[in-house]
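Chains D and Y, in that order, are what the protein sequence lines are. For reference, each letter of the first sequence is one residue, going 181 to 325 in this note's numbering. For reference, each letter of the second sequence is one residue, going 428 to 562 in this note's numbering. Heads up, the beta-carbon is just placed ideally off N, CA and C, and yes, glycines get one too. Given the structure is predicted, the values throughout are model-derived calculations rather than measurements. Only one structure is covered here, and it is reproduced in the block below.
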Amino acid sequence: MFSYFETPLLAEFRRMEQEFDDLFETWAPWSGGIRSLPSGTFPAVNVGSTPDGLTVYVFAPAVDPKSFEVSLQENVLSVSGKRELATEMEATFYRQERFGGTFRRIVTLPEDVDPDKVEATYRDGILQISVRRRESAKPRQIEIH
Amino acid sequence: MSTETQVTQSKGNGSAVADSRRAGASESVLRPPVDIYETAEGITLQADMPGVAKDRLNVRVEGNNLLVEGSIGVAPQEQMTALYADVRSTVYRRRFALSNELQTDQIDARLKDGVLTVTIPKRAELRPRRIEIKS
């Protein structure tokens, strides 16, 4: 596993990297997921969970809402769209950091989501997708008599 | 601790767009990606700040700096826990050094669908004029 020219310092960096990865996996269980993306990928996505359902926030500013395509198959959510940035032909650009073009993100949701109960709204550049959990999967308070 | 870096300073028309990077800021802040371009009339800056509504946006000139600040207004629902988060802060902040041929009292800022557009005109006497060549 260790090549003979590996220095103790490199081994130490490798150990630290592994520790950071482990830390993030416990903090956000999906960050090590096969569909996770490097930071800075457009659009950024946050997923929040409540006992009734899940809310997916897609940070996609200035996207024509008609260009969004949202689909949920079983528990796999796919969001795609196109972001067209206005181009100034006569201008001198100093920075072009903003993303333009087509995008797609796929997010695995927990397995108890109900694919028939999805709602999406677009506001202030965030596409908010609400998915409900299946009735049977919701936690129920058990009364004690 | 903060470090300021002057990024571009072109000769002649003196278009200075600088960028400040806060190293080791205690509070975690999102740095919005920007496009900055210059036309004959002035400089335009566009910043992606999804989730920021007009009342949570703050654009101001501080000395020689343009400060852009905003916070994400999505109200977290009760009992919500984060399952996954690319965005781990609710505050956007970025600072740009202005240059003195810009009319900082004439700044126009607009916000639409999470994108801030700031236009800063150049002083009229500094806009490029076409020089006529007489025969």
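Sorting Y:E552, Y:L510, Y:G478, Y:R522 by C-alpha distance to the C-alpha of D304 of chain D places Y:G478 at the top. For G469 of chain Y, the closest Cβ of chain D is not nearer than 8 Å.
By the rule that beta-carbons nearer than 8 Å mark a contact, K539 of chain Y touches chain D. In the three-state scheme derived from DSSP, where H, G and I count as helix and E and B as strand, T531 of chain Y is classed as helix. V259 of chain D is positioned such that its CB atom lies no closer than 8 Å to that of V243 of chain D. Closest by C-alpha distance to G469 of chain Y, out of Y:R557, Y:K549, Y:L553, Y:R556, is Y:K549.
Cβ-Cβ distances below 8 Å link R515 of chain Y to S455 in the same chain, with the five nearest sequence neighbours on each side left out; the list follows chain order.
Of the other Cβ atoms in all chains shown, 16 or more fall within 10 Å of the Cβ of S526 of chain Y; this residue is therefore buried. A direct Cα-to-Cα measurement between K481 of chain Y and L494 of chain Y gives close to 16 Å. Each of D:P241, D:I322, D:R313 was checked against the Cα of F283 of chain D, and the nearest Cα belongs to D:P241. Across the set Y:R458, Y:E465, Y:V461, Y:V486, the C-alpha of Y:V486 shows the shortest separation from the C-alpha of A536 of chain Y. Rounded to the nearest whole angstrom, the C-alpha separation of G280 of chain D and M269 of chain D is 16 Å. Looking only at Y:A524, Y:A551, Y:R520, the smallest Cα-Cα distance to E489 of chain Y is reached by Y:A524.
DSSP places L525 of chain Y outside both helix and strand once states are collapsed to three, so it counts as coil. A distance below 6 Å between beta-carbons, with the five flanking residues on each side excluded, links P295 of chain D to the following residues of its chain, in chain order: L252. Note on A509 of chain Y: under 16 other CB atoms within 10 angstroms of its CB, so exposed under the neighbour-count rule. Chain-order list of chain D residues neighbouring P555 of chain Y: empty, with the shortest C-beta distance near 12 Å, by a criterion of under 7 Å.
At least one CB of chain Y lies nearer than 8 Å to the CB of G305 of chain D. Neighbourhood of A271 of chain D in chain Y, by CB distance below 7 Å: Y464, E465, T466, in chain order.
In this structure, V311 of chain D lies away from L189 of chain D, with their beta-carbon atoms at least 8 Å apart.
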